[in-house]
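Below is one structure; the comments refer to it alone.
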Amino acid sequence: MAMLQDTHPDYDMYQMFSEPSDFGFSGTSRYRTWIPCAHRELTTCVFDPYMLKDSIQEAFKNVNCQISDYLVASKPEIMVQASELAARLPLRPESSNLKYLMTPRERQTCETLDARFHIRFRKPPWGDRNLVYFLGDDASYTTTWSGCSGKLPAMRCNSKSALFWLPSQQRPLTSKELLVSMGWPCVPEGRLGWEFQ
996 MAMLQDTHPD YDMYQMFSEP SDFGFSGTSR YRTWIPCAHR ELTTCVFDPY
1046 MLKDSIQEAF KNVNCQISDY LVASKPEIMV QASELAARLP LRPESSNLKY
1096 LMTPRERQTC ETLDARFHIR FRKPPWGDRN LVYFLGDDAS YTTTWSGCSG
1146 KLPAMRCNSK SALFWLPSQQ RPLTSKELLV SMGWPCVPEG RLGWEFQ
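For the sequence shown, our numbering puts the final residue at 1192, and the numbers step up evenly by one.
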């Protein structure tokens, strides 16, 4: 923050901290800081930014979006993603179970996480609609899933190429669904399974 203030002396800066659940996205975990900046000569602050953040947070206090609410991709969109995954393999889409599109390492990670989930929770992983595995990590070193938190694993640099696997649907989250989890407007209002009261 101090570096920003030193390099941009013409701006008033308001550092705030929040996580997606503060604004209704309880199925997403990314605690972050953000800094609105207002140029001292070109803008006028008409409302305290901290109070505005608090009032927005208050408006969202009863909204509780879960991972299963993010599943908005249509069948054609899922099959487009399957085709893109299949392009890296000598296979073509053949069923709604897209596990065959995984690389051997992804398949091994998925099987390890399936077993770990079953041992920990004494139930099969495909029965949990909010369970997501991040297959970009090696399961022999870490367990990257929503199993305990109910939140999507944090998206990192390899999130574009690595799969966020849904055991209940035997398919990965689509790019559209990952954008929905971050609040990007990708579907008509009210389609996420929650509405404002």
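Glycine included, every Cβ here is placed at the ideal spot set by N, Cα and C.
| Item | Value |
| --- | --- |
| Have a look at arginine 1083 and proline 1148 and give me their C-alpha separation to the nearest angstrom. | 25 Å |
| State whether the region 1010-1027 contacts the region 1056-1072, with contact taken as three or more CB pairs (one from each stretch) at a distance under 8 Å. | yes |
| Could you tell me which whole alpha helix (DSSP H) segments of length 4 or greater appear in the region 1129-1179? | 1170-1176 |
| On the DSSP bridge list, what partners appear for tyrosine 1006? | His1034 |
| For methionine 996, name the three-state secondary structure that DSSP assigns. | coil |
| With burial defined as no fewer than 16 other Cβ atoms inside 10 Å of the residue's Cβ, what is the status of lysine 1118: buried or exposed? | exposed |
| Got a sec? Which residues, its chain only, sit under 7 Å from isoleucine 1073 by beta carbon, not counting five neighbours each side? | Arg1166, Thr1169 |
| If you follow the beta strand (DSSP E) that threonine 1028 is part of, which residue opens it and which one closes it? | 1027-1029 |
| Taking the alpha-carbon positions, what's the tyrosine 1128 to proline 1162 distance? | 8 Å |
| Going by DSSP, which residues form a beta bridge with methionine 1011? | Trp1029 |
| Specify the secondary structure class of phenylalanine 1191 as computed by DSSP and reduced to three states. | Residue confidence is low: phenylalanine 1191 scores 41 on pLDDT, short of 50, so the model does not pin down where it sits. Its coordinate-derived value is still stated next. DSSP places phenylalanine 1191 in coil when its eight states are reduced to three. |
| Taking contact to mean 3 or more Cβ pairs, one atom from each stretch, closer than 8 Å, check whether the region 1024-1044 and the region 1129-1137 are in contact. | no |
| Helix or strand or just coil, what does DSSP make of threonine 1039? | coil |
| With H, G and I counted as helix, E and B as strand and the rest as coil, what does DSSP make of threonine 1023? | strand |
| Grab me the residues of leucine 1108's own chain with a C-beta within less than 7 Å of its C-beta, minus the 5 sequence neighbours each way, in chain order. | Tyr1128, Ala1134, Thr1138, Trp1140 |
| Looking only at C-alpha atoms, which of Leu1093, Leu1066, Asp1064, Tyr1065 sits nearest to serine 1078? | Leu1093 |
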